[in-house]
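Peer 1: In terms of mature numbering (1 follows the signal peptide of the UniProt record, and there is no 0), the sequence shown is residues -23 to -1, 1 to 159.
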Amino acid sequence: MKQLLKRLLVSCLIVLLSGTVVGCAQDRSQLKTVSSVDMQRYLGNWYEIARLPNRFQDHCAGEVTANYRQLEGGDIQVINRCRDQQGEMDEAKGIGRIVDNRSNAKLAVSFVSLFGWNLFWGDYWILGLGSDYDFAVVGMPSRKYLWVLSRQPEITADDWQLVEHIVEASGYDPARLLKTKQ
């Protein structure tokens, strides 16, 4: 009985310590957002310049846009569009919510609604912004998704260099970015 109790105690200690080590590692790799977002300047139409490959955009051949509009009550209407492989326009509508009111740089978005309830919220963190809100880099803490957005269908070479720096500094591999045909 003493052996069993001793093993249980050692196991619990190992689990607790491993959680501490993992917690410390996660703190070091914490994803940083921009310090402040003027949401009124951020709203409007954006062109996707590049993204990390993802399954829900596999059908998009090009002409990818995102439009953000403030709704009554503070939510943000999200309308994403792309031209699919057959040349048809595809559209996904969702809702965004600011989850960090101090900076407005952390949002949650949902594209699944059931009887008026939005389900399956995902992180939408603004990691970088052009000084004139001419481009944005958007990601999430898991670093599974990333988008580069611009107010114009193309981005300048100087802005692209800045974007690559933001992407790399945020812990993403810029070489994995898939450029979007606009």
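In this text, a Cβ means the ideal position worked out from N, Cα and C, and glycines have one as well.
Quick one: what does DSSP say residue 88 is sitting in, helix, strand or coil?
Peer 2: coil
Peer 1: Would the beta-carbon of residue 94 be found less than 7 Å away from any heavy atom of the ligand NAP?
Peer 2: The ligand NAP is absent from the structure shown, which contains no ligand whatsoever.
Peer 1: Name the residue from 60, 103, 61 and 37 whose alpha carbon lies nearest to the alpha carbon of residue 20.
Peer 2: Taking only the C-alpha atoms, the option nearest residue 20 is 103.
Peer 1: Just tell me which of 37, 111 and 75 has its CA closest to the CA of residue 62.
Peer 2: 37
Peer 1: Name the two residues that bound the continuous alpha helix (DSSP H) containing residue 138.
Peer 2: 134 to 146
Peer 1: Indicate whether residue 72 and residue 55 have their beta-carbon atoms separated by less than 8 Å.
Peer 2: yes
Peer 1: Which term fits residue 7, buried or exposed, when burial requires 16 or more other beta carbons within 10 angstroms of its beta carbon?
Peer 2: Within a 10 Å sphere around the beta-carbon of residue 7 sit fewer than 16 other beta-carbons, which makes this residue exposed.
Peer 1: One question on the structure: do residue 27 and residue 125 come within less than 8 Å of each other, judged by their Cβ atoms?
Peer 2: Yes, they are a contact pair.
Peer 1: Quick one: grab the DSSP three-state call for residue 156.
Peer 2: strand
Peer 1: For a test of the three-state rule: what should DSSP assign to residue 110, helix, strand or coil?
Peer 2: coil
Peer 1: Output the boundary residues of the beta strand (DSSP E) element that contains residue 47.
Peer 2: Counting along the chain, the beta strand (DSSP E) containing residue 47 begins and ends at 37 to 47.
Peer 1: I need the boundaries of the alpha helix (DSSP H) containing residue 19, first residue and last residue.
Peer 2: From DSSP, the alpha helix (DSSP H) with residue 19 extends over 16 to 19.
Peer 1: When DSSP builds the beta bridges, which residues end up paired with residue 102?
Peer 2: 83 and 116
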